[in-house]
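S.K.: Residue numbers (this note's numbering): 416 to 555. Even glycine gets a Cβ: it sits at the ideal position worked out from N, Cα and C. None of these values were measured; they are calculated from a predicted model. Just passing along the structure, written as structure tokens.
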Amino acid sequence: MKQFLTLLLLSASITLVNCGDDKDADADFLAQFVGTWQSSNITAAGCNDPEENGTLNCDPFCFEITITANGTYSLLESGSQSPETGTITATETTVTICETGETICDSQDPYSFSGENTFSITFTDEDSPGCQFTAVFNRQ
């Protein structure tokens, strides 16, 4: 289950690549993420190792991320006292997060919103063959 937390942290540390030329449109996509969000579970499915499938539930949360309108974020992992910080961008389908001090940013897609207060992001990780991880975040 610790691997799920590591994978979620990796996905949260991923920068979404801005593929469009219309910066105003991209700002509109980022606007829907502005606020503080918490994820209380991470689900793994389709893993080559069936024991890796399942849901990790965290109390009170696995991750808390605060995203500002100017494209910065602060991510706090449950049990940590030091948040990760960086920048975030969004397009219609992709979110990119660049951790401060890192030279490589990763892009994750797809993401989807369920109303204005819940979004989910699905990602894979090369260390878990076949696994598809989904984290659901709720606005606080």
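#1: Contact check, residue 478 vs residue 497 under 8 Å by CB: the rounded distance?
#2: Using 10 angstroms around the beta-carbon of residue 504, count the other beta-carbons present and answer buried if the total reaches 16, otherwise exposed.
#3: Taking all protein chains shown into account, decide if residue 507 is buried (16 or more other Cβ within 10 angstroms of its Cβ) or exposed.
#4: Would residue 501 be called buried (16 or more neighbouring beta carbons within 10 Å of its own) or exposed?
#5: Please report the distance separating the alpha-carbon of residue 447 from that of residue 494.
#6: If you compare alpha carbons, which of 472, 541, 499, 474 is closest to residue 481?
#7: Under 7 Å Cβ to Cβ from residue 425, same chain only, skipping five residues before and after it: list those, please.
#8: Have a look at residue 490 and residue 456 and give me their C-alpha separation to the nearest angstrom.
#9: Alpha carbon to alpha carbon, how far is residue 555 from residue 466? Give it in angstroms, no decimals.
#10: Check each candidate in 546, 532, 538, 458 and name the one with the smallest Cα separation from residue 552.
#11: What do you get for residue 487, buried or exposed, if any count of 16 or more other CB atoms within 10 angstroms of its CB means buried?
#12: Using alpha carbons as the reference points, say which of 509, 517, 513 lies closest to residue 524.
#13: Are residue 515 and residue 522 touching if we call contact CB-CB under 8 Å?
#14: As a quick exercise: from 473, 472, 458, 528, pick the residue whose alpha carbon is nearest that of residue 449.
#15: Report the residue ranges of all alpha helix (DSSP H) runs contained in full by the stretch 461 to 490; include only those spanning at least 4 residues, in chain order.
M.R.: The structure says:
#1: Going by Cβ atoms, the distance from residue 478 to residue 497 rounds to 14 Å, so no, they are not a contact pair.
#2: buried
#3: exposed
#4: buried
#5: 27 Å
#6: 499
#7: Confidence at residue 425 is low in this model, with a pLDDT of 43, below 50, so the placement of that residue should be treated as unreliable; the coordinate-derived value is given next. Excluding sequence neighbours, residue 425 sits near 540.
#8: 16 Å
#9: 32 Å
#10: 532
#11: exposed
#12: 509
#13: no
#14: 528
#15: none
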